[in-house]
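In my numbering, the protein residues as written are 415 to 926.
These notes concern the structure reproduced below.
Structure below.
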């Protein structure tokens, strides 16, 4: 899972500490100056006390209320800050900057609807500027009015076409709407104006969504070069490397990600996947163990650890993990499928069939399971059911060579030799290295008395497996039929030397 930051670029708002000292008494002037000095040193409580004393002398000074509201805002006393701007608005009720400032604070307090009302007033009074539309767009997004937010960002860009943060925020919304191609255009523009780490990060997310992992990787490189502290930058870069099969390259990034977040089951899980791909199974298991400790209710973690147990030849532990995954989630298709495979391998075909049935009830479009279920049905003597499953697998997964192969064997068993040959032909197109494929096609051709074609298949079969006495036996018999007695007897001798008893009988009959 790739992590998106899921945030907008910070709201830009100009709240200036502006005070007019004309007509102030000397003591008041000194009081205000001290308040501003305290603001500069972040002594906001002291500044509030000074502004309060100053307001006792000049209770209608809008700038004093505004600056005291800023100090309260910095202390997260949003209610007090909003109240101060309200006092200022009683003095100058048509000041758009005051509505803008109050809207900003309402947004910080979580009152998006109230913030929008004040931005509306600021825009109506005018003159409207890009910041007003930008900030209002952010609040609309907070209320999930994404289209409304986009319209505000459009307006902001009309007023200021070089506003990089607006392009960025609009791109974030388009990405949320799954319109990643349009989002990329906005991120490109934002980066052109200001190559910020956040911009590269979000563009990488959209590139990943479009399966452009190579270029996403370049963006993550830029993120880390600009700011190596960006959250999830190393983790996401590692995921890109894994998508590009660079598992060795992903490991250092995952190590760094874990240094920053040792409680992340996702990072341990993905490092386990990378280690498994590098065949470091023991280390992979350790990471899956840690991931399960951190997230013991995630069935997929048990499935993946079960697969590691199989690599370590611990079938019993694997089945236990698949069973645990099923206990956690009765709809975990992978758990049923993988447990079924282990039951099948152990010869417990009834249990395997039950698991395959459960998996297919959950996901009837999972073609590979039909293949495995077909194998189990054949082992249980249900040849008709097996053939039906192979047919379904081929329909859903036409590139599953094993399904074509097994269906060919089923057709051969039913004496449909032409049908078997057609299926074997398909197997050879998909996987010409499939064991015994040329041998079996040769046998089917022999049944149709296509001896020359069968001989050619046996030649190829021997190239694949020169230690199989059965192939030499069949080729020897075909050569004898084709009046190639010397070659046929030589093949029969090789078959006998490889331990094929039938070859000895054929030699007695054909090689006198």
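Positions of the beta carbon are idealized from the N, C-alpha and C atoms, including for glycine.
Burial of residue 738 is indicated by the presence of at least 16 other C-beta atoms within 10 angstroms of its C-beta. Pairing residue 600 with residue 636, the inter-Cα distance amounts to about 18 Å. In the three-state scheme derived from DSSP, where H, G and I count as helix and E and B as strand, residue 453 is classed as helix. Sorting 826, 672, 850, 877 by C-alpha distance to the C-alpha of residue 858 places 826 at the top.
One alpha carbon belongs to residue 667, the other to residue 802, and they sit about 47 Å apart. Here the alpha carbons of residue 786 and residue 843 stand approximately 21 Å from one another.
Judged by DSSP in its simplified three-state form, residue 575 adopts coil rather than helix or strand.
Residue 478 and residue 676 have their C-alpha atoms roughly 48 Å apart.
Inter-residue distance for residue 701 and residue 644 is about 24 Å (C-alpha atoms, whole angstroms). Linking residue 891 to residue 919 through their CA atoms gives a straight-line distance of about 11 Å. Cα atoms of residue 773 and residue 783: separation of roughly 8 Å, rounded to the nearest angstrom.
For the options 717, 726, 745, the alpha carbon positioned closest to that of residue 734 is the one of 717.
Look at residue 472 here: in three-state DSSP terms it is coil, with no helix or strand label. A distance of 8 Å or more separates the beta carbons of residue 881 and residue 893. The Cβ neighbour count for residue 642, taken over all protein chains shown within 10 Å, is under 16; the residue is labelled exposed.
A check of alpha carbon separations from residue 672 across 500, 540, 648, 662 identifies 648 as the nearest. The straight-line gap separating the alpha-carbon atoms of residue 828 and residue 872 is approximately 22 Å.
DSSP places residue 561 in the helix class (H, G or I) of the three-state scheme.
Excluding its 5 nearest sequence neighbours in each direction, residue 913 has C-beta neighbours in its own chain below 8 Å: 883, listed in chain order. Collapsing the DSSP output to three states places residue 727 in coil.
Distance from the CA atom of residue 630 to the CA atom of residue 589, rounded to whole angstroms, is 15 Å. Judged by their CB atoms, residue 679 and residue 709 are nearer to each other than the 8 Å cut-off.
Under a 10 Å Cβ-count criterion, residue 707 is classified as exposed, with fewer than 16 other Cβ atoms of the shown protein chains found around its own Cβ. The residues 476, 479, 480, 512, in chain order, have a CB closer than 6 Å to that of residue 502 in the same chain once the five nearest residues on each side in sequence are set aside. For the options 541, 540, 532, the alpha carbon positioned closest to that of residue 549 is the one of 532. Contact between residue 699 and residue 719 is confirmed by a C-beta separation of about 7 Å, below the 8 Å threshold. With a threshold of 16 other beta carbon atoms within 10 Å, residue 915 falls short and is exposed. Out of 525, 553, 516, 555, the CA that lies nearest to the CA of residue 536 is found in 516.
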